[in-house]
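Asker: Start counting the sequence shown at 532; every next residue gets the next number (the working numbering). Idealized CB from N, CA, C, for every residue including glycine. Note that the structure is a prediction, hence the values are computed from the model and not measured. Below you'll find the structure I mean.
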Amino acid sequence: MSVRHLEHFFSARSVAVIGASIRAGSVGATVLSNLVNAGFHGEVWPVNPKYQVLAGLPVYADVEALPAGPELAVVCTPAATVPGIVARLGKAGCRAVVVLSAGLDGTGADGRSLRQAMLDAARPFLLRILGPNCVGLLVPGIGLNASFAPVAALPGRLAFVAQSGALVTAVLDWARTRRIGFSSFVSLGDGSDVDFGDLLDYFAGDPNTDAILLYAESVRQARKFMSAARSAARAKPTVIVKAGRVAEAANAAFSHTGALAGSDLVYDAALRRAGMLRVDTTAELFDAVAILAQPHRPAGGRLAILTNGGGPGVMATDALVRGGGVLARLAPATIDGLSQVLPPTWSHGNPVDIIGDAPAERYRVALQAVLDDPEADAVLFIHAPTAIVPSADIARALLPLMRASRLPVLCCWLGGDSVAQARSLCLDAGMPVFDTPEEAVRGFQQMVDHGRNQRMLAQVPSSCAPFAPERDVARTLVAGLLARGVTAVGEADAKRILSAYGIDVVRTETAGGADEALAAARAIGYPVALKILSPDIPHKSDVGGVVLDLPDEAALGRALAEMAARVGAQRPQARLAGFTVQAMARRPLAHELIVGVATDPVFGPVVLFGQGGVAVEVTADQAVALPPLNRVLAADLVGRTRVARLLAGFRDRPRADLDALYDVLVRVGQMIVDLPELAELDINPLLLDAGGAIALDARMRLAPLAPGADPLARMAILPYPDWLEVQVDSALGPLTLRPVRPEDAPAHQAFFQSLSPEDIHFRMFGMMRELAPNQLARLTQIDYAREMALIATRGQGRGSETLGVARVIADPDNIEGEFAVVVRSDLKGRGLGRILMQGLIDYCRQRGLVRLRGAALGENARMHALARACGFGLQSGPDGTVEMTLELAPEPR
């Protein structure tokens, strides 16, 4: 990921148009006209040997004739010319190029694709390329319209990035008619160099951008995208339209999981995990910006509705419930209070219908009562115009309450000209305004969805004892299977691997024939279940390959003969390896669930959960999540399914042991990390009841790793790097130096509270006594792909204490890291800071950082001494600080 030289796209002071033209309708003529007419603040240099003057500007014959290296170049020439032009621009000192040309998939004279030749030409100069095959770039704040779009963008504070060129021009036109402005408007095109990840990183730090909007058709580098998206979503609202909701036709899959984990389901899980908000249309994209700009967010999903008409209230309620929302149940005190001020015919519930003849004061009193209700998380105000009182008067009466509210308030002014002034007053006050109840409800649900995604992004899981799987046992089993050429792993071997991860399984024995099956049943004890064993029959029940509840040897003997005959008749070509015999699980109130693993071509392995059984494809009740997981993320995964409501208990069925289910999901996620050959897994059914979870059936598919391949390369989110854990000796005794984990949050809070006011001042450059939950989450739930926090700990499990922390955050180019180190105040002078600092330096060298930088207050003499001892150079910085720098490697070219 890289933001290097991206600033030249968005703050250029000179632009060269390569292929500028006078020919009507040509790209070169349109780009030049757009640049000139937009009032670009810098210099425009047309380049074309055919002309001397264009649009009143002198024209240069070629790149070498330019008065200087342009900060930005726009290439409008045929595809075959692009690599050579890029090379000449790089030599001239240009560092940013927009390539509008299409057709770079063709091959040049040297056999390389033109696209690859273009990238190779740019690489020696670190020249960044936007495109090819894009519409261009607009930065209204500096008058830059380096595009062939038919209309210009208005200035504003939204950054918009789109892959589709057709959508770029349509959205520009649509937004202009609605007076929506942009800080930047980017057509990504093929994204051969600059991609979504780069632009997310750039706009996350852009002071001119308040929100980031994306239109995506595909993502290529999943880890880069996820890392940048998570960082951007922490910084500012990030909203995306991902085209392609309809699942592609699934190929025949080895497992149920492989068939169920459709690409859109995975995209949805990835965007949720990144903390972004996904919407369906471009109109919703801009509605979401208005919604997310509100200073208050709903704490939950309970909506109170206030209206002067019963019909609109019913419409809003229908939309809310259909969309999975919750109608707030108003508190009795609120109902009583409203009854005292409203006519007897009011609705006496939510929606609060204050009747159509309401004067402005009735609106005000009713809104205040609803805003004060403790059961509401947000309020939707719906008004239909009447002749009783002007709508604008009602707006003026309610706006002071809306602005002062602790709850978000959404407005729906039904009608046209008669409510235009009221709508305008609310918009000018920054209130979200909608034309219909359904649109308003959708806006509310966007707020709820975004809040949930942000909580998932910044959640702090409760501390729990770490689980220690028998990794070596599982890895040995996998290696043995692959050595025998086995990639389709049957039930018995799959269950052995599950057992190594502490997942309870029904006792299962493999039998090569009838005599072995009878012996296995005697060892297990009746009743038993019998299943066919064949690498060619993934779904055994389809061919009558499963018989349950066999009470004795005679019944088993008959079942063995009948099953062999039945399967032989239905699948005569299938290889029959024998049978499996397993104990019957007597759990009549248990739910049948499915837990599995599938491998997405973009985001890699995912964990799937849903309602299980033989009809799993028909019920279509599944959700997926990107690993690694913890209990909080596992609970969110379960909560996205319909079966979750059944697991909560109903009638005579008690609440299922959800913690046991979460543990299974977390452990399956850990299997993905530990066993890089695991491509697919089905645990179906997984029985869950109040007594816990047990796997009845399981199967796996393995995919051997290529020699020398990175075992974590397929992971979209880098897991906890346990290979960095080391034991160190110190003056304080043996300590563990390791990366921070989300589960360290309680110990981290205790560590912070142990710091003296002086140490907090030195570390934070200010004073505070306790970390807020979002701050604590930010410090303990880190993105290991771009930052690291090494902690020194003493003790094990819940009794573990954090003694010190060394932290580094790398820039997106992996060039420079900003570090900080702090040691518990009562442990200073014991060598702990040196241990932490050296561990951090070793880690930074390992990941290839070029330098480490940090800043300390001038009076922080201990930090100055530690930095000098570790080889840092010190110099005075601004505002009395001391800047500390350590060069680790040569600067890359």
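What's the C-alpha gap between Q671 and F571?
Answerer: Within the sequence shown, residue 671 is the residue found at index 140, counting from 1. Within the sequence shown, residue 571 is the residue found at index 40, counting from 1. Gln is not the amino acid found at residue 671; the sequence shown has Pro there. The alpha-carbon atoms of P671 and F571 are separated by roughly 9 Å.
Asker: Considering only their Cβ atoms, is the gap separating L1255 from F1283 smaller than 8 Å?
Answerer: Here the question's residue 1283 lines up with position 752 in the sequence shown. Here the question's residue 1255 lines up with position 724 in the sequence shown. Going by C-beta atoms, F1283 is not nearer than 8 Å to L1255.
Asker: Please classify I549: does DSSP put it in a helix, a strand, or coil?
Answerer: As a first step, residue 549 is located in the sequence shown; it is residue number 18 there, counting from the start. Strand at I549.
Asker: Checking the sheet assignment: what are the DSSP bridge partners for I1063?
Answerer: For the purposes of this step, residue 1063 is identified with residue 532 of the sequence shown, where counting begins at 1. F1110.
Asker: Here's the rule I'm using: 16 or more other beta-carbon atoms within 10 Å means buried, otherwise exposed. How should E595 be labelled?
Answerer: Locating residue 595 in the sequence shown gives position 64, where the first residue counts as 1. It is exposed - the Cβ of E595 has fewer than 16 other Cβ atoms within 10 Å.
Asker: Jot down the residue ranges of each uninterrupted alpha helix (DSSP H) in the stretch 908-946, minimum 4 residues, whole runs only, in chain order.
Answerer: Listed in chain order, they are 922-935.
Asker: Do you know how far the Cα of G637 is from the Cα of R1038?
Answerer: As a working mapping, residue 1038 is identified with position 507 in the sequence shown. As a working mapping, residue 637 is identified with position 106 in the sequence shown. Looking at the two C-alpha atoms, the distance is approximately 59 Å.
Asker: Tell me the rounded alpha-carbon separation between D1241 and P1207.
Answerer: Sequence index remark: in the sequence shown, residue 1241 carries index 710 (1-based). Sequence index remark: in the sequence shown, residue 1207 carries index 676 (1-based). Roughly 9 Å between the two C-alpha positions.
Asker: Apart from the five residues just before and just after A1420, which ones in its own chain have a Cβ nearer than 6 Å to its Cβ?
Answerer: Locating residue 1420 in the sequence shown gives position 889, counting from the first residue. So the list reads V1381, once near-sequence residues are dropped.
Asker: Measure the CB-CB distance between S1442 and V617 and report whether it falls below 8 Å.
Answerer: Lying before the first or after the last residue shown, residue 1442 is absent from the chain, which here runs from 532 to 1424.
Asker: Nearest-angstrom Cα distance between F716 and V605?
Answerer: As a position in the sequence shown, residue 716 is number 185, starting the count at 1. As a position in the sequence shown, residue 605 is number 74, starting the count at 1. So the two alpha carbons sit approximately 15 Å from each other.
Asker: Answer with buried or exposed for V1036, where buried requires no fewer than 16 other C-beta atoms within 10 angstroms of its C-beta.
Answerer: Within the sequence shown, residue 1036 is the residue found at index 505, counting from 1. By the neighbour-count rule (16 or more Cβ atoms within 10 Å), V1036 is buried.
Asker: Any contact between the stretch 1227-1245 and the stretch 1182-1197? By contact I mean 3 or more CB pairs, one from each, below 8 Å.
Answerer: Short answer: they don't touch.
Asker: If you draw a straight line from the alpha carbon of D1194 to that of G1222, how long is it in whole angstroms?
Answerer: Translated into the one-based positions of the sequence shown, residue 1194 becomes position 663. Translated into the one-based positions of the sequence shown, residue 1222 becomes position 691. Approximately 14 Å, taken between the alpha carbons.
Asker: Between K1026, G1043, L1192 and Q1104, which lies nearest to L1064 when the distance is taken from Cα to Cα?
Answerer: For the purposes of this step, residue 1064 is identified with residue 533 of the sequence shown, where counting begins at 1. The residue with the shortest Cα to Cα distance from L1064 is G1043.
Asker: Could you tell me which residues DSSP pairs with W576 in its beta bridges?
Answerer: Position 45 of the sequence shown holds residue 576. DSSP output for W576 lists A547 as bridge partner(s).
Asker: Residues in its own chain within less than 7 Å of L1233 by CB, not counting five upstream and five downstream?
Answerer: The residue given as residue 1233 occupies position 702 in the sequence shown. Here the set comprises V1009, L1012, L1013, T1018, V1020, E1208, L1209 and A1210.
Asker: Out of C665, L1157 and A1151, which one is the CA nearest neighbour of R1173?
Answerer: Locating residue 1173 in the sequence shown gives position 642, counting from the first residue. Ranking C665, L1157 and A1151 by Cα distance to R1173 puts A1151 first.
Asker: For the 8 Å Cβ check, are there 3 or more pairs between the stretch 801-811 and the stretch 909-923?
Answerer: no
Asker: Tell me whether F998 is buried or exposed, calling it buried when 16 or more other Cβ atoms sit within 10 Å of its Cβ.
Answerer: The residue labelled residue 998 in the question sits at position 467 within the sequence shown. It counts as exposed.
Asker: Hey, which unbroken runs of the beta strand (DSSP E) at 3 residues or more fall wholly within the stretch 652-732?
Answerer: 659-661, 667-670, 675-678, 685-693 and 712-718
Asker: At what residue ranges does the stretch 1107-1184 contain a whole run of the beta strand (DSSP E), taking only runs of 3 or more?
Answerer: 1109-1114, 1122-1131, 1135-1142 and 1153-1156
Asker: Leaving aside the five residues before and after G1370 along the sequence, list all residues of the same chain whose C-beta is less than 7 Å from its C-beta, in chain order.
Answerer: Here residue 1370 refers to the residue found at position 839 of the sequence shown. Cβ within range, chain order: L1268, L1321 and A1337.
Asker: So, at 8 Å on beta carbons, what are the nonlocal neighbours of L645 in its own chain, with the 5 sequence-adjacent residues on each side left out?
Answerer: Residue numbering aside, residue 645 sits at position 114 when the sequence shown is read from its first letter. So the list reads A610, A611, V613, P614, G634, L635, D636, G637, T638 and G639, once near-sequence residues are dropped.
Asker: Using a Cβ-Cβ cutoff of less than 6 Å, which residues in the same chain neighbour A623 once the five nearest sequence positions on both sides are dropped?
Answerer: Looking up residue 623 in the sequence shown gives position 92. Cβ neighbours of A623 beyond the five flanking positions: V594 and G600.
Asker: With a floor of 4 residues, list each alpha helix (DSSP H) that falls wholly inside the stretch 1284-1358, ordered by position along the chain.
Answerer: The DSSP assignment places 1288-1295 and 1304-1311 as complete runs of the alpha helix (DSSP H) inside the stretch 1284-1358, in order along the chain (cut-off: 4 residues).
Asker: Which of helix, strand or coil does DSSP assign to C995?
Answerer: Walking along the sequence shown from the start, residue 995 turns up at place 464. With a pLDDT of 49 at C995, under the threshold of 50, the predicted position of this residue should be treated as unreliable, though the coordinate-derived value follows. Note: C995 maps to coil in three-state DSSP.
Asker: Rank W877, S794, Q977 and G712 by C-alpha distance to the C-alpha of Q825 and give the top, closest one.
Answerer: Against the sequence shown, residue 825 aligns to sequence position 294. Of the candidates W877, S794, Q977 and G712, the one whose C-alpha sits nearest the C-alpha of Q825 is Q977.
Asker: Below 8 Å, can you find three or more Cβ-Cβ pairs linking the stretch 687-697 to the stretch 550-566?
Answerer: no
Asker: What are the start and end residues of the beta strand (DSSP E) that includes R626?
Answerer: Taking the first residue of the sequence shown as 1, we reach residue 626 at position 95. Unbroken run through R626: none, as it is neither H nor E.
Asker: Should the stretch 734-748 be called in touch with the stretch 1108-1121, which here means at least 3 C-beta pairs below 8 Å?
Answerer: At 8 Å Cβ cutoff, the stretches do not touch.
Asker: For T1311 and V1199, what's the separation of their Cα atoms in angstroms?
Answerer: To locate residue 1311, count along the sequence shown from 1; it is residue 780. To locate residue 1199, count along the sequence shown from 1; it is residue 668. Distance between the alpha carbons of T1311 and V1199: 23 Å.
Asker: Closest to L1417 by CA distance: which of L1397, R1384 and A1400 is it?
Answerer: Position 886 of the sequence shown holds residue 1417. Among L1397, R1384 and A1400, the Cα nearest to that of L1417 belongs to R1384.
Asker: Just reading off the beta strand (DSSP E) that N1215 is part of, what are its end residues?
Answerer: For the purposes of this step, residue 1215 is taken as the residue at position 684 of the sequence shown. Element bounds for N1215: L1209 to D1220.
Asker: Quick one: what's T1041 bridged to in DSSP?
Answerer: Stepping through the sequence shown from its first residue, residue 1041 is reached at position 510. Beta-bridge pairing links T1041 to T1111.
Asker: Have a look at G856 and V979 and give me their C-alpha separation to the nearest angstrom.
Answerer: Within the sequence shown, the letter at position 325 stands for residue 856. Within the sequence shown, the letter at position 448 stands for residue 979. Distance between the alpha carbons of G856 and V979 is about 9 Å.
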